[in-house]
Amino acid sequence: MTVAGLHFERADGVATLTIDRPERKNAITGEMWDGLVVVFDDVSTSGVDRVLVITGAGDAFCSGADLSGAADDGSGARGAGASVASMRIVGRAALRLHELPIPTIAAVNGVAAGAGCNLALGCDLIVASDRARFTEIFAKRGLALDFGGSWVLPRLIGLHRAKQLAFLAEIIDAGEAERIGLVNRVVPHDEFEKEVAALAARLAAQPPLQLAVIKRQLNEAMGRTMAEAVELEAIAQSLMFTSRDAAEAMLAFLEKREPHFTGE
């Protein structure tokens, strides 16, 4: 698929989406928000993609929405109707990412700001270069949180710490992001691509149906009671037992070899 500012490729079960506007620190245009929805929909139904990696071109991950030319009169003001319509496209992209049935990795190679920060946080796992920086810059720009940040941020790091990052619009480095639980792993920049590729390959080798179910279980866990969770576990596990991948896992265990999962 071809969308200006987005580069997409797939190989060996790994789909890679690169935000490709390095001259603008990979800021996302209105057309690119639509493009993200197209990419996420394609990945969710391809049948061949087992993991999605999102990264940025050049020395940035994503600096957020491209706000240049946001207002014709230079005041920054926009009509409410037009703003709500355009922001619903941003929200749609955030939901599509959240609902993807395959694991997603944010490979944060540089600055991740505003919606770009929340694009990273919306992924299932975050691997950060030691050159990465994160900021919920919205308040400093006279804006509120978007791209799902108001939902995902407190769930990742707790309410009070989320308020600190959002109120003060602070920039934190990769080490601090790891310390507070914002990212899964920080690696030296010269090892970054190798580490991301290794993690993606490991995820691609896992049973896709089982990972899709596990991902949904965890994503929805905070909205369920314990009784609801264990009942749905019973149903899901009963279905998993009937899958060919479950049989393959047991056979591989008995034969003392690595399993080969087909998604069946």
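Going by my numbering, the first residue of the sequence shown is number 10, and it counts up by one from there.
Cβ atoms here follow ideal geometry from the backbone N, Cα and C, with glycine treated the same way.
Between which two residues does the alpha helix (DSSP H) harbouring residue i extend?
i	result
R33	Per DSSP, R33 belongs to no alpha helix (DSSP H) and is neither H nor E.
F262	R253 to L263
L61	Unbroken run through L61 is the beta strand (DSSP E), V60 to G65; no alpha helix (DSSP H).
R164	G158 to I166
V12	It is not in any alpha helix (DSSP H) - V12 carries neither H nor E in the DSSP assignment.
I189	Looking at the DSSP string, I189 is not in any alpha helix (DSSP H), and its letter there is neither H nor E.
A243	M235 to F250
By Cβ distance, which residues of its chain are closer than 7 Å to residue i, with the 5 residues on each side in sequence left out?
i	result
D75	R33, A36, I37 and T38
A148	A175, F176 and A178
V120	K34, A69, F70, S72 and R142
F201	N118 and S138
V93	none
Shortest alpha-carbon distance to residue i belongs to which of the options?
i	options	result
P112	D155, R97 and L208	L208
M96	D21, P216 and A153	A153
I28	L227, T54, K224 and G65	G65
R59	F49, D68 and G67	F49
V117	L227, D43, A20 and E187	E187
S159	L104, S55 and E242	L104
A258	P268, S252 and F250	P268
N127	L162, K203 and V93	L162
L61	G100, L248, D21 and G67	D21
G44	V12, R19 and S55	V12
H198	A94, C132, R140 and R211	R140
V52	G14, R19 and P31	R19
E3	R170, Q226, E273 and G14	Residue 3 lies beyond the range of the chain shown here (10 to 273); nothing can be said about it.
L109	F250, G56, R170 and S77	G56
V23	A214, R170, F262 and A256	A214
T251	L218, S77 and A236	L218
G100	R150, G157 and N228	G157
R150	T234, S77, E242 and L26	S77
D220	L15, H16 and G272	Before going further, note that residue 220 is Leu rather than Asp in the sequence given. Nearest of L15, H16 and G272 to L220, Cα basis: G272.
Suppose the cutoff is 6 Å on Cβ atoms and the five residues either side in sequence are ignored; what does the same chain contact list for residue i look like?
i	result
A245	V222
P216	D254 and F270
I146	A122, G123 and A178
A137	V117, A183, V192 and V195
I181	F143
G67	P31
M231	none
Using a Cβ-based criterion (distance less than 6 Å to any ligand heavy atom), does residue i qualify as near the ligand PLP?
i	result
C126	For the ligand PLP, the structure offers nothing, since it holds no ligand at all.
Return the first residue and the last residue of the beta strand (DSSP E) that residue i is part of.
i	result
L15	L15 to A20
R142	R142 to T144
A116	T113 to V117
L26	V23 to I28
A230	That residue, A230, is in no beta strand (DSSP E); it is neither H nor E in DSSP.
V120	V120 to A122
Please name the residue or residues paired with residue i in a DSSP beta bridge.
i	result
A74	I37
A153	In the DSSP output, where bridge partners are listed per residue, A153 has none listed.
R194	V136
A69	V120
In three-state terms, what does DSSP make of residue i?
i	result
A175	helix
G85	Because the pLDDT of G85 is 48, which lies under 50, any placement of that residue in the model is unreliable, and the number read from its coordinates should be weighed accordingly. G85 falls in the coil class under three-state DSSP.
L134	strand
V57	coil
D182	strand
A214	coil
H269	coil
E109	A small fix is needed here, since residue 109 is Leu in this sequence, not Glu. In the structure shown, L109 sits in coil (DSSP, three-state: anything other than H, G, I, E or B).
A80	Residue confidence is low: A80 scores 49 on pLDDT, short of 50, so the model does not pin down where it sits. No coordinate-derived value is stated.
Between which residues of its own chain and residue i is the CB-CB distance below 8 Å, once the five residues before and five after are set aside?
i	result
I98	G39, W42, D43 and V46
I114	V60, L61, V62, I63, C132, D133, L134, I135, V136, V205, L208, A209 and L212
G190	L165 and I166
M249	L218, Q219, V222 and A255
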